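In the numbering used here, the protein residues as written are 10 to 350. Heads up, the beta-carbon is just placed ideally off N, CA and C, and yes, glycines get one too. Every value quoted in this text rests on a predicted model; they were computed, and no experiment measured them. First up is the structure itself, then whatever we jot down about it.
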Amino acid sequence: MGTVTETRDETFAFYRCHVCGLPHEHVDGVKRQCSFGSDAAELSDAAPPGRRVLGERYRVERTVGEGAAGIVYECTDLRLDRLVAVKLGPPLEASVPQHQRFLREARTMAEVSDPGTIVVYDFGVLSDTGQAFIAMELLHGETLWERMTRPMPLALVRDIVAEILLVLGAFHARGVVHRDIKPDNVFLSDANPGEITVKILDFGLARHADERDKVSAGNEVLGTPVYMAPEQVWGGSEIDRRTDLFAVGSVLFEMLTGQEPLEVRAAEPLLTFLRRAGTQPRRSLASLRPDLPEELAGVVATAMSLDPKDRFPDARVFLRAFIDALGGDESLTDSSSWRIS
């Protein structure tokens, strides 16, 4: 699921599209369409279900986010009298693959159990609608995409990317590949005053590296096109930890330049963009930010290599090269370093 981040005043809003991964402006009353044209899904206007109680336990307070695979609500847990986040998926009969993916997401999040993931409290199926739900830790802070709308010092970029790689390294050590790393799926939690903790969100597409995907539907695009590696575009068998590292390189490029590594053309059909994403080299960091160290441009280029064999073999090697390119800091490669001051 790609989270829809919303900022609204009386007349317009900005939405993060769950299909292409790009922001869209919307004037109230006018339908919003993905930049990739009619091939892609329209953005949803789903409203929160008032004070509805889910599963006789979770009272809905407000909508937190929305994406292709469901909606996330802030809820009050009536049994434990605490605020939680509840992700509500589609009814079973409406989409069996999405329903199965939802179950896999809950199991994967519980399995990983890492400081960089959200704590899962409960999973079930609503008896009245047949919708699956996940009750989990309610986060406070903002997504990386929201933070990227403001200037980011290079030191902050360094610290956030270092934490992303440390968290991914822990996932990969357990054999889990995320497959949808993007700014919307990186959360900067500020629960502890003076500290930021990076949390990786949305495990709906996650799988074990040696597992074949049994819950895809036809020619469904699994991932967010702007950040997808070529092997993910083509659905090849080489999807592994290096696929996630390609996405991290793409996110890093966007953090440093404010632009996507592969230019999105106006009204370009999704399938046309995907063909380019599978074959066209990404833009050079040096061409847009010549002020940055050449070594850093080289690290980004390696991470976004079209051939997985040309990328970093794992998150720790990527992290070491990244830190070295910025002058070196041994403490940032320590897996016990989870906090950004």
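- Task: Work out the CA separation of Gly139 and Val69 for me, nearest whole Å.
- Result: 17 Å
- Grab me the residues of Arg91's own chain with a C-beta within less than 8 Å of its C-beta, minus the 5 sequence neighbours each way, in chain order. Thr85
- To the nearest angstrom, how far is it from the Cα of Gly184 to the Cα of Asp253? If I take the Cα positions, the gap works out to 12 Å.
- Would you grab the beta carbon distance between Thr117 and Ala215 for me? Rounded to a whole angstrom, and I think it's under 8 Å. 5 Å
- Message: Going by DSSP in three states, His217 sits in which element: helix, strand or coil?
- Response: strand
- Message: Just verifying my parser: in three-state terms, what is the DSSP assignment at Asp199?
- Response: coil
- Query: Just how far apart, CA to CA, sit Glu83 and Val129?
  - Reply: Within the model, the alpha-carbon separation for Glu83 versus Val129 is close to 14 Å.
- CB Met264 to CB Met157, shorter than 8 Å? yes
- Looking only at C-alpha atoms, which of Ser259, Gly336 and Arg298 sits nearest to Arg320? Ser259
- Message: Let me check understanding here. Comparing Cα to Cα, which of Phe212, Glu172, Arg284 and Phe180 lies closest to Glu204?
- Response: Glu172
- Could you please give me the residues that DSSP links to His80 through a beta bridge? The amino acid occupying residue 80 in the given sequence is Ile; His does not appear at that position. Paired residues: Glu75 and Leu97.
- Mind checking whether Leu97 and Leu63 have CB atoms under 8 Å apart? yes
- Take Lys191 as the anchor and find which of Gly336, Ile209, Leu175 and Phe180 has the nearest alpha-carbon. Among Gly336, Ile209, Leu175 and Phe180, the Cα nearest to that of Lys191 belongs to Ile209.
- Message: Does the stretch 174-182 come into contact with the stretch 268-287, if we say contact requires no fewer than three beta-carbon pairs (one atom in each stretch) closer than 8 Å?
- Response: no
- Message: Can you find the residues in the same chain that come closer than 6 Å, C-beta to C-beta, to Trp243, ignoring five residues on each side of it along the sequence?
- Response: Gly287
- By Cβ distance below 6 Å, which residues in the same chain neighbour Pro99 in space, the five residues on each side in sequence not counted? Correct list, in chain order: Gln107.
- Query: Where does Ala141 land, buried or exposed, given buried means 16+ other C-beta within 10 angstroms?
  - Reply: buried
- Just curious, the beta strand (DSSP E) that Ile143 is in, first and last residue? Counting along the chain, the beta strand (DSSP E) containing Ile143 begins and ends at Gln140 to Met145.
- Residue span of the alpha helix (DSSP H) that contains Gly307, given as start and end: Glu303 to Ala312
- Let me know the secondary structure DSSP gives Lys318 once reduced to three states. Lys318 falls in the helix class under three-state DSSP.
- Message: Please report the distance separating the alpha-carbon of Phe132 from that of Arg71.
- Response: 20 Å
- For Val186, which residues does DSSP report across the bridge? Arg216
- Message: Using DSSP's beta-bridge definition, name the partner residues of Phe5.
- Response: Because the chain is modelled from 10 through 350, residue 5 falls outside the range shown and cannot be assessed.
- How about Gly232 and Asp189: do their beta carbons lie closer than 8 Å? Yes, Cβ-Cβ distance for Gly232 and Asp189 is below 8 Å.
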